[in-house]
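Trainee: Sharing a structure with you now.
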Amino acid sequence: MSSFWAITSATLAKDLRLEWRSKDAINSMLFFALLVVVIFSFSFDPTAEESRHIAGGLVWVAFLFAAVVALNQTWAREMRNAVLDAYRVSPAPANPLFLAKAFGNFIFVSIIQALMTPLFTVFYNLRPLGPAWQLIPVAILGSWALVVNGTFFAAMSLHTRSREIMLPILLFPFSIPALVAMVQATNTILTGQDSAKFWIVLLLTYDVVFTVACLLLFETVLDAE
Amino acid sequence: MSSFWAITSATLAKDLRLEWRSKDAINSMLFFALLVVVIFSFSFDPTAEESRHIAGGLVWVAFLFAAVVALNQTWAREMRNAVLDAYRVSPAPANPLFLAKAFGNFIFVSIIQALMTPLFTVFYNLRPLGPAWQLIPVAILGSWALVVNGTFFAAMSLHTRSREIMLPILLFPFSIPALVAMVQATNTILTGQDSAKFWIVLLLTYDVVFTVACLLLFETVLDAE
Amino acid sequence: MKKAFPILAILTAALLGYAFYEAMFVAPTDQMQGDVYRIIYYHVPSGWTMFVFFFTNFIASIVYLIRRNPKADAVAVAAAEVGLVFCTVVLVTGPLWARPVWGIWWTWDWRLTSTLVLWLIYASYLILRRFSTGGQTPVLAAALAVFGALDMPLVYFSIWFFRTQHPQPVVGGGGSIDPSMLRVWMISWAAFLCFGWLVFWLRYRLEIFKREVEETHSLEAMLEEPRFR
Amino acid sequence: MTHSQPTNGSSVIVISGLVKQFGRFAALRGISAEFSPGNLYVILGDNGAGKTTLLRTFAGLARPTRGKVILLGTHDLSSVSAQIGYMAHPSLLYDELSGMENLRYFGRLYGIEGDQRCADAIRKVHLDPSLARPVGQYSQGMRQRMSLARALLHDPGILLLDEPFSNVDACSASEMVNLLGTIRDAGKTLFVVTHQAALLDGVADEFVLMGAGKIVSRPLERPLLEGAPR
Amino acid sequence: MTHSQPTNGSSVIVISGLVKQFGRFAALRGISAEFSPGNLYVILGDNGAGKTTLLRTFAGLARPTRGKVILLGTHDLSSVSAQIGYMAHPSLLYDELSGMENLRYFGRLYGIEGDQRCADAIRKVHLDPSLARPVGQYSQGMRQRMSLARALLHDPGILLLDEPFSNVDACSASEMVNLLGTIRDAGKTLFVVTHQAALLDGVADEFVLMGAGKIVSRPLERPLLEGAPR
Ligand code: HEM
Ligand SMILES: Nc1ncnc2c1ncn2[C@@H]1O[C@H](COP(=O)(O)OP(=O)(O)OP(=O)(O)O)[C@@H](O)[C@H]1O
Ligand SMILES: Nc1ncnc2c1ncn2[C@@H]1O[C@H](COP(=O)(O)OP(=O)(O)OP(=O)(O)O)[C@@H](O)[C@H]1O
Ligand SMILES: [Mg+2]
Ligand SMILES: [Mg+2]
């Protein structure tokens, strides 16, 4: 078990190193976050009253976009020079690889979130009318939901055959419940009309179910040739 | 000159065939775009009157992000096995390659638009109050604006670290004028309050200026090592 | 060169001080806005100076693309950096001024927006320079600079088509100004230009120096034998 | 045709009726053979004969369509994977990391901590452990040698090497051959696919010739080779 | 040290003072040489000697840091690129397309229409033009040969081949050598980088030995080779 986490952390460290080769990485992410927010502000009139109603949707679309940018990259790196084969011939089990990738993407999405949230708040003049602290579990659970399935399906899509069928057809319907929950939870908290508890519990259930499913199935997906 | 177009069409045909075999770009674009539509329709009441005011922004942000996802793949294919070197040592000029890539991406973005527009219309209950046919030039000019710069900047980001994030960092600031024009034109047509002519002319100018600039500079960028 | 710098620095400091004095004490108080308006003597000269440097960057980039002269590239970096600093000053003084005058910090007015776009474009230019690998940085950056310069007219000419909250340009636009204020404006502008030029020159020297050091290193590397095969 | 060696309880690898199909094309067409420990096997054969495919089934990377692979007495290849070192045509290295960083990471997968063993492995292939350049900027032959270092790192009992000498200069190649000889003498089993059979003349224990998905002859009557193997 | 050939107006390639630096590392350290047409030059040297870098500057893919390359009498390498055939370490082929589809595309870049010439080029390297499998599923040696076919397709006057025989089986390699001989006899100039110098013994006109970014000796006193070249 301890080697399980040792491998996870080694893989995560390696991925972060590849990602953060330069210290400017954070700067570029900050800039990226700024750009996304600015793009949204141009496209929608952020001073409008209804901005609070659509803010939840906007924020999560922005994060989804960041996640897709990150996820596309995740496995491509392992395919170059067939490095994944080196992992597969080693005695290391499959799940640490999966977890490391998911954590890595989670960190990426979280950094973007941390950078973007203040920007959104300022530009859209947001002030949650409900309990603001609830936004934190929503953010964490929501990002994990995006990332855990995204990582899994991105791994599936390594094998072209399955990618064609799998990616849009599976990922799409599977992610909708999570997305709806995130957006609704955020909107409810921002507008303060209702309790977001139901949505948070739904998200939590979703996360648990899908994390377990991914861990159970990942080895099969990885070893499929 | 005829060989110019022969090479362009050969490259375009090759790209379309590759994409048809793997369906990489189309799938991830489609998936992303669908999610965006669904997220927004969940996140606020799409039958509301004001949906018409923000529809332009929604549609174009969705297309912009989808395009970034596709554009990131464009050149990756040419980097595998260093195939780009084979192009560079050949007597073929650089611009056909650029045009073929831009056309290819234009086709992808157009397909996505053709698929999404009915969805948007249904989900948001849109009915343009202005002259609807004007949406067609706006869509064409707008997509080309996104794609021509995107293809160029994606080629540029080949030579950089953290390639995937570089593309939006370069593309977004430079496309803001075009984006604003697209969004405003779409909104004006949908609400029918004003004439979209100015915006269409602005878009056209933008397209012409940047297409010329890309064609003039692409060879330099391609041959930079 | 070494002697010239302190002299120029002192002259510039004096000019800046004089401009400050003129702006704060000599220029008449605005009838409508009161004393807040005095920020104009920083806001507007910074705006002009910023354009001067971005334009320099554009010219230098073109020269680089044609001649491949490394000095042109050094000019381009220095100009972009200094220009970005002045752009930041505009973006900071603008809202500082807008708050008391318009009652808000920021609005998505086309003029403000286009200034923000300008800032974003040159920030992405500098990021590209950081992130590109190998010897092709100057080429890529120069190409990008040309794109930036093309974006600007599109953004700025559209000002005439909009009714904005922001005052119209005095030169070529519909705005007008009191001659005594104009005089102070010109003094501030001269001071800012001198200051900007001084910083730019320093930055340029530094860049050239850096390149010389790299050159020497690489020559040394060529002479020494490789440590292994 | 298939094999001429006596069945032996202590074989490291036993394969029987091995078939590997890719769609309609059969890359391996029913191979049965046994390989005993402590030997250096050289696998020869034309391009497309199935050599790489054979090594990949040994390594557990390709699942046989039919037939069995028994490695160190077990069917469950993943349980003995710590005993396998594999070097392929692609480098199996991260281009963006330096050689040392690469090995450090792969070491962790095998539970190897510390830089000492990584540096040793790099020195074994005559590269410099302190070279900070990322592997993507190595010359082709340097990368090839670094890839061998990766395969050797955890000191495996079975080494599967797919054309280790291609792109390697003559002098380094003969040093590598010596290294392989030493490893064999330490009791490991090696499978070396190569097209430069002459290089391994001095150290090979047995030559296995493959053709069109089968083992054609073994031990090889060596029409191609001049000197007798030890 | 640099070259020992008389200056000759009809040289295909003239290089002078060629330096190529990657950051602080100099891969080529001031090379001057001339190469006359109709010869087959074999470039030898240790890993990392700079052979690939040299070929890439000839092909116009790498811009020299200092020094000049004159190809067929001109500085403007892109104006003579139709005369250059280049084969590199990576295959320069699309993995997802079949061999024929690949060549058909690259043919178009050279203004070659029709399948005839593509099929001929594939047959020259002893592959089957009707093979529908994508190149990514070829064996390494087959891919290597297909890569050579790509370089030969437009019948260039100057062929730059970077280790064409690596991963190629002995029998195909000797056929390739014969092919190169025929091409040379048709008046083309060939530059072949290889670590298997013995293979080319029969057809090489001159051996060029590189070491640490320089041309060390030329013509080579061939300490490594037995037979005399033609
Ligand atoms: C809030 C952010 C603001 C930004 C980003 C901004 C930006 C700029 C820029 C870039 C210029 C120089 C452009 C040119 O000379 O054509 C400029 C000039 C000027 N600004 Fe602003 N500004 C801001 C707020 C304000 C406010 C609140 C006022 C006063 C009510 C103001 C008054 C002026 C004036 C009088 C000029 C000179 C016009 C001319 O002659 O060109 N600005 N501003
Ligand atoms: N994934 C695959 N799909 C389809 N065919 C394949 C695949 N991998 C290999 N093949 C085919 O199987 C055959 C054997 O390939 P293999 O790579 O094992 O040959 P090899 O003996 O290693 O050749 P080389 O010496 O050229 O490396 C070849 O004809 C090849 O095209
Ligand atoms: N892009 C690059 N960046 C930094 N260094 C490089 C780069 N490309 C090559 N080098 C270095 O230049 C030297 C020469 O490389 P080159 O590929 O020309 O060698 P080579 O003679 O072809 O060797 P091999 O026989 O192994 O292919 C090597 O030390 C290599 O690490
Ligand atoms: Mg093989
Ligand atoms: Mg090489």
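Chains as they are written, first to last, in this note's numbering: chain A, 1 to 225; chain B, 226 to 450; chain C, 451 to 679; chain D, 680 to 909; chain E, 910 to 1139.
Idealized CB from N, CA, C, for every residue including glycine.
Determine whether the beta carbon atoms of valine 1086 (chain E) and leucine 1108 (chain E) lie at a separation below 7 Å.
Mentor: For the purposes of this step, residue 1086 (chain E) is identified with residue 177 of the fifth sequence, where counting begins at 1. For the purposes of this step, residue 1108 (chain E) is identified with residue 199 of the fifth sequence, where counting begins at 1. Result yes, Cβ atoms of valine 1086 (chain E) and leucine 1108 (chain E) sit closer than 7 Å.
Trainee: Output the residue ranges of the alpha helix (DSSP H) runs that lie fully inside the stretch 530 to 593 of chain C and measure 4 residues or longer, sorted by chain position.
Mentor: 560 to 581
Trainee: Where do the N-terminal and C-terminal ends of the alpha helix (DSSP H) with tyrosine 765 (chain D) fall, by residue?
Mentor: The residue you call residue 765 (chain D) lines up with position 86 of the fourth sequence. Taken as a continuous stretch (DSSP letters only), tyrosine 765 (chain D) belongs to no alpha helix (DSSP H), being part of the beta strand (DSSP E) at 763 to 766.
Trainee: Give me, in chain order, the residues of the same chain whose beta-carbon lies closer than 6 Å to that of lysine 642 (chain C); leave out the 5 immediate sequence neighbours on both sides.
Mentor: Position 192 of the third sequence, counting from 1, holds the residue named residue 642 (chain C). In the sequence as presented, lysine is not what sits at residue 642 (chain C); that position holds phenylalanine. Counting only Cβ-Cβ distances below 6 Å, and skipping sequence neighbours, we find Pro495, Thr499.
Trainee: Select from the stretch 53 to 75 of chain A all residues with a C-beta closer than 7 Å to any C-beta belonging to chain B, and list them in chain order.
Mentor: Answer set for the stretch 53 to 75 of chain A: His53, Ile54, Gly56, Gly57, Trp60, Val61, Leu64, Phe65, Val68, Val69, Asn72, Gln73.
Trainee: Can you say whether isoleucine 516 (chain C) is buried or exposed, counting buried as having 16 or more other CB atoms within 10 angstroms of its CB?
Mentor: As a working mapping, residue 516 (chain C) is identified with position 66 in the third sequence. Exposed: under 16 other Cβ atoms inside 10 Å.
Trainee: Out of curiosity, what's the CA-to-CA distance linking arginine 1042 (chain E) and valine 1101 (chain E)?
Mentor: Position 133 of the fifth sequence, counted from the start, is the residue given in the question as residue 1042 (chain E). Position 192 of the fifth sequence, counted from the start, is the residue given in the question as residue 1101 (chain E). If you take the alpha carbons of arginine 1042 (chain E) and valine 1101 (chain E), they lie about 29 Å apart.
Trainee: Within 7 Å (strictly less), CB to CB, does arginine 246 (chain B) reach chain E?
Mentor: Locating residue 246 (chain B) in the second sequence gives position 21, counting from the first residue. For arginine 246 (chain B), the answer is yes, since a Cβ of chain E falls inside 7 Å of its Cβ.
Trainee: For threonine 731 (chain D), which residues in the same chain have their Cβ closer than 6 Å to its Cβ, ignoring the five residues on either side in sequence?
Mentor: Position 52 of the fourth sequence, counted from the start, is the residue given in the question as residue 731 (chain D). Result list for threonine 731 (chain D): Asp841, in chain order.
Trainee: Could you check if threonine 962 (chain E) belongs to the surroundings of ligand 3, using beta carbon to heavy atom distance under 6 Å?
Mentor: The count along the fifth sequence starts at 1 and reaches residue 962 (chain E) at position 53. Threonine 962 (chain E) Cβ: within cutoff of ligand 3.
Trainee: With 7 Å as the threshold, decide whether the Cβ of glutamate 389 (chain B) is near any Cβ in chain A.
Mentor: On the second sequence, position 164 is the one that residue 389 (chain B) refers to. At least one chain A Cβ lies under 7 Å of glutamate 389 (chain B).
Trainee: Would you grab the beta carbon distance between phenylalanine 290 (chain B) and phenylalanine 257 (chain B) for me? Rounded to a whole angstrom, and I think it's under 8 Å.
Mentor: In the second sequence, residue 290 (chain B) corresponds to position 65, counting from 1. In the second sequence, residue 257 (chain B) corresponds to position 32, counting from 1. The pair is a contact, with the Cβ atoms about 6 Å apart (cut-off 8 Å).
Trainee: Kindly indicate which residue of C:Met631, C:Val634, C:Pro603 has the alpha-carbon position closest to the one of leucine 427 (chain B).
Mentor: Here residue 427 (chain B) refers to the residue found at position 202 of the second sequence. Nearest of C:Met631, C:Val634, C:Pro603 to leucine 427 (chain B), Cα basis: C:Pro603.
Trainee: Whole angstroms is fine: what's the gap from glycine 623 (chain C)'s alpha carbon to serine 400 (chain B)'s?
Mentor: The residue you call residue 623 (chain C) lines up with position 173 of the third sequence. The residue you call residue 400 (chain B) lines up with position 175 of the second sequence. In this prediction, glycine 623 (chain C) has a pLDDT of 47, which is less than 50 and means its spatial position is unreliable; nothing more can be read from the coordinates.
Trainee: Buried or exposed: where does tryptophan 60 (chain A) fall if 16 or more other Cβ atoms within 10 Å of its Cβ makes it buried?
Mentor: Numbered from 1 along the first sequence, position 60 holds the residue referred to as residue 60 (chain A). That one is buried.
Trainee: Please tell me whether proline 402 (chain B) has its Cβ less than 7 Å away from any Cβ of chain C.
Mentor: What you label residue 402 (chain B) is simply residue 177 of the second sequence in a count that begins at 1. Yes, proline 402 (chain B) lies at the interface with chain C (some Cβ there is under 7 Å from its Cβ).
Trainee: Nearest-angstrom Cα distance between tryptophan 133 (chain A) and valine 542 (chain C)?
Mentor: The sequence position of residue 133 (chain A) within the first sequence is 133, counting from 1. The sequence position of residue 542 (chain C) within the third sequence is 92, counting from 1. Each residue's alpha carbon lies about 32 Å from the other.
Trainee: With 16 as the cutoff for other CB atoms within 10 Å, does tyrosine 87 (chain A) come out buried or exposed?
Mentor: As a working note, residue 87 (chain A) is residue 87 in the first sequence. Answer is buried; the Cβ neighbour count reaches 16.
Trainee: List the endpoints of the continuous beta strand (DSSP E) containing tyrosine 773 (chain D).
Mentor: Position 94 of the fourth sequence, counted from the start, is the residue given in the question as residue 773 (chain D). For tyrosine 773 (chain D), no beta strand (DSSP E) segment is defined, and its DSSP state is neither H nor E.
Trainee: Are the CB atoms of isoleucine 993 (chain E) and proline 1065 (chain E) nearer to each other than 7 Å?
Mentor: For this step, residue 993 (chain E) is matched to residue 84 along the fifth sequence. For this step, residue 1065 (chain E) is matched to residue 156 along the fifth sequence. A contact, by the Cβ cut-off of 7 Å.
Trainee: Quick check: the stretch 1029 to 1036 of chain E against the stretch 778 to 787 of chain D, are there 3 or more CB pairs under 8 Å?
Mentor: no
Trainee: Taking the alpha helix (DSSP H) that valine 847 (chain D) falls in, what are its first and last residues?
Mentor: As a working mapping, residue 847 (chain D) is identified with position 168 in the fourth sequence. Where valine 847 (chain D) is concerned, there is no enclosing alpha helix (DSSP H), given that its DSSP letter is neither H nor E.
Trainee: Determine the direct distance from the alpha carbon of glutamate 670 (chain C) to that of valine 294 (chain B), and round the result to whole angstroms.
Mentor: The residue you call residue 294 (chain B) lines up with position 69 of the second sequence. The residue you call residue 670 (chain C) lines up with position 220 of the third sequence. Looking at the two C-alpha atoms, the distance is approximately 44 Å.
Trainee: Inspect the CB distances between the stretch 738 to 745 of chain D and the stretch 695 to 712 of chain D and report whether three or more fall short of 8 Å.
Mentor: yes
Trainee: Which term fits tyrosine 206 (chain A), buried or exposed, when burial requires 16 or more other beta carbons within 10 angstroms of its beta carbon?
Mentor: Counting from one through the first sequence, the residue named residue 206 (chain A) turns up at place 206. With 16 or more Cβ atoms within 10 Å of its Cβ, tyrosine 206 (chain A) is classed as buried.
Trainee: Compare the Cα-Cα distances from arginine 822 (chain D) to each of D:Glu775, D:Val759, D:His754, D:Ile694 and report the closest residue.
Mentor: The residue you call residue 822 (chain D) lines up with position 143 of the fourth sequence. The option with the nearest alpha carbon to arginine 822 (chain D) is D:Glu775.
Trainee: Classify phenylalanine 443 (chain B): buried if its beta carbon has 16 or more other beta carbons within 10 angstroms, exposed otherwise.
Mentor: Here residue 443 (chain B) corresponds to residue number 218 of the second sequence, with the count starting at 1. So phenylalanine 443 (chain B) counts as buried.
Trainee: With a threshold of 16 other CB atoms inside 10 Å of the CB of arginine 488 (chain C), please say whether the residue is buried or exposed.
Mentor: On the third sequence, residue 488 (chain C) is found 38 positions in, with the first residue counted as 1. With 16 or more other Cβ atoms within 10 Å, it is buried.
Trainee: 7 Å is my cut-off, CB to CB: does lysine 422 (chain B) come that close to chain E?
Mentor: Within the second sequence, residue 422 (chain B) is the residue found at index 197, counting from 1. No, its Cβ sits nowhere closer than 7 Å to a Cβ of chain E.
Trainee: When you compare the CB of valine 363 (chain B) with every CB in chain C, is at least one pair closer than 7 Å?
Mentor: One-based indexing of the second sequence puts residue 363 (chain B) at position 138. Taking Cβ atoms only, chain C never reaches closer than 7 Å to valine 363 (chain B), which makes this a no.
Trainee: If you run the structure through DSSP and keep just helix, strand and coil, what is valine 882 (chain D)?
Mentor: Numbered from 1 along the fourth sequence, position 203 holds the residue referred to as residue 882 (chain D). Of the three classes helix, strand and coil, the one that applies to valine 882 (chain D) here is coil, per DSSP.
Trainee: Classify isoleucine 165 (chain A): buried if its beta carbon has 16 or more other beta carbons within 10 angstroms, exposed otherwise.
Mentor: Position 165 of the first sequence holds residue 165 (chain A). Here the model assigns isoleucine 165 (chain A) a pLDDT of 49, short of 50, so the residue's position is not dependable, and the following value carries that caveat. The residue is exposed, with fewer than 16 neighbouring Cβ atoms inside 10 Å.
Trainee: Looking at the C-beta of phenylalanine 668 (chain C), does it have a partner C-beta in chain E at a distance below 7 Å?
Mentor: Stepping through the third sequence from its first residue, residue 668 (chain C) is reached at position 218. It should be noted that the sequence gives serine, not phenylalanine, for residue 668 (chain C). Output row for serine 668 (chain C): interface = yes.
Trainee: Which residues in chain B have a C-beta closer than 8 Å to the C-beta of phenylalanine 944 (chain E)? List them in chain order.
Mentor: Translated into the one-based positions of the fifth sequence, residue 944 (chain E) becomes position 35. By Cβ distance, chain B contributes nothing, its closest Cβ being about 18 Å from phenylalanine 944 (chain E), past 8 Å.
Trainee: How would you label arginine 386 (chain B), buried or exposed, when you count the other beta carbons within 10 angstroms and need 16 or more for buried?
Mentor: As a position in the second sequence, residue 386 (chain B) is number 161, starting the count at 1. When all chains shown are included, arginine 386 (chain B) counts as buried.
Trainee: Since I believe phenylalanine 508 (chain C) is in contact with alanine 595 (chain C) (beta carbons under 8 Å), could you give me their beta-carbon distance rounded to a whole number of angstroms?
Mentor: One-based indexing of the third sequence puts residue 595 (chain C) at position 145. One-based indexing of the third sequence puts residue 508 (chain C) at position 58. That belief holds up - the Cβ atoms of alanine 595 (chain C) and phenylalanine 508 (chain C) are roughly 6 Å apart, short of 8 Å.
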